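Since the structure comes first, as structure tokens, the remarks are kept for the end.
In the numbering used here, the protein residues as written are 2 to 262.
This is the structure we're talking about:
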């Protein structure tokens with residue numbers, strides 16, 4: 002327990018459990034590469050034509066890139082969107098269930114999961130808050146593949162002058178506690194210097210119910226609009242097909258008349 006509202010646990014998963022989780026992450030990477038996930042559910046950070054980091058979203062996602070937040074509807078539902086798959090059963094069984102059994106995670110709490118894949122440790126994530134207007138507390142994460150650390154209060158794009166850091170060895174569960182300074186009073190980041198190689202964070206959170214309701218309403222509105230557009234297009238195509246058939250029949254009739262004459 003750190004006196005900044007951050008608690009870590011390092012013995013909740015044994016080696017075999019960690020290996021199973023890491024294998025599932027590798028399968029997820031393959032699924033993304035093969036086009037097995039909708040593009041709304043992941044975002045690549047690319048440098049020198051190489052994917053350095055992949056953020057994946059399940060249950061719900063949030064708008065965070067500059068292009069996303071510039072959209073006119075970006076403020077609806079606090080930027081929460083639900084056009085992503087539900088979070089995988091393996092996360093529930095292999096990651097969430099041990100936390101419930103250890104009483105470090107509230108029952109029926111998690112409704113969204115983010116899996117941040119730092120592919121070679123060369124690109125981390127800049128200083129940020131887990132926005133309290135979007136996410137309830139606590140914020141819980143599991144670190145796999147390698148040792149890492151969470152830096153707080155860094156400056157200059159999150160690279161220098163940190164106030165403190167929290168070690169996150171492989172298998173570490175990090176909990177940013179409700180009302181804690183770590184979750185609410187200071188930004189956190191993961192710098193390249195904080196990683197020793199490929200590193201993955203599996204983040205379990207709860208989006209506030211109000212935002213989820215608004216996101217569901219927006220999603221339904223978008224689906225209805227898409228359906229109407231598809232129906233109009235289908236009707237137009239059907240009309241064109243009938244017109245084309247009529248023209249073909251007319252041409253055949255004309256050609257027949259020419260042949261007979």
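Virtual Cβ for every residue (Gly too), placed ideally from N, Cα, C.
The structure presented is a predicted model; accordingly, all values stated were derived computationally and were not measured.
- When only Cα atoms are considered, residue 27 and residue 197 end up about 18 Å apart.
- DSSP places residue 55 inside the beta strand (DSSP E), whose first and last residues are 51–59.
- The three-state secondary structure of residue 182, taken from DSSP, is helix.
- For residue 168, the uninterrupted beta strand (DSSP E) run begins and ends at 165–169, by DSSP.
- Restricting attention to beta strand (DSSP E) runs no shorter than 3 residues, the region 11–86 encloses them at 43–48 and 51–59, ordered along the chain.
- Cβ atoms of residue 152 and residue 189 come within 8 Å of each other, at about 7 Å.
- Restricting attention to alpha helix (DSSP H) runs no shorter than 4 residues, the region 85–169 encloses them at 98–102, ordered along the chain.
- Here residue 135 really is in contact with residue 212; their C-beta atoms are around 6 Å apart, less than 8 Å.
- By the Cβ-count criterion, residue 76 is exposed, with fewer than 16 other Cβ atoms from all chains shown falling within 10 Å of its own Cβ.
- The alpha-carbon separation between residue 156 and residue 182 amounts to approximately 18 Å.
- The Cβ-Cβ distance between residue 111 and residue 143 does not fall below 7 Å.
- If you check the CB distance, residue 122 and residue 192 do not come in under 7 Å.
- Beta-bridge partners of residue 200 (DSSP): 119.
- In the structure shown, residue 176 falls within a strand segment according to DSSP collapsed to helix, strand and coil.
- Taken through DSSP and simplified to helix, strand or coil, residue 192 comes out as coil.
- For residue 205, the pairing in a beta bridge is given by DSSP as 114 and 141.
- Under the Cβ criterion (8 Å, minimum of three pairs), the region 93–109 does not count as touching the region 48–56.
- Excluding five sequence positions before and after residue 215, the CB atoms of its chain that fall closer than 7 Å to its own CB belong to 77 and 78, given in chain order.
- 206 is the residue among 200, 206, 94 and 194 whose C-alpha sits nearest the C-alpha of residue 184.
- Rounded to the nearest whole angstrom, the CA to CA distance from residue 71 to residue 17 is 44 Å.
- Apart from the 5 residues on each side of it in sequence, residue 203 sits with its Cβ closer than 6 Å to the Cβ of 96, 116 and 143 in its chain, given in chain order.
- Looking at the DSSP output, residue 7 sits in a beta bridge with 3 and 177.
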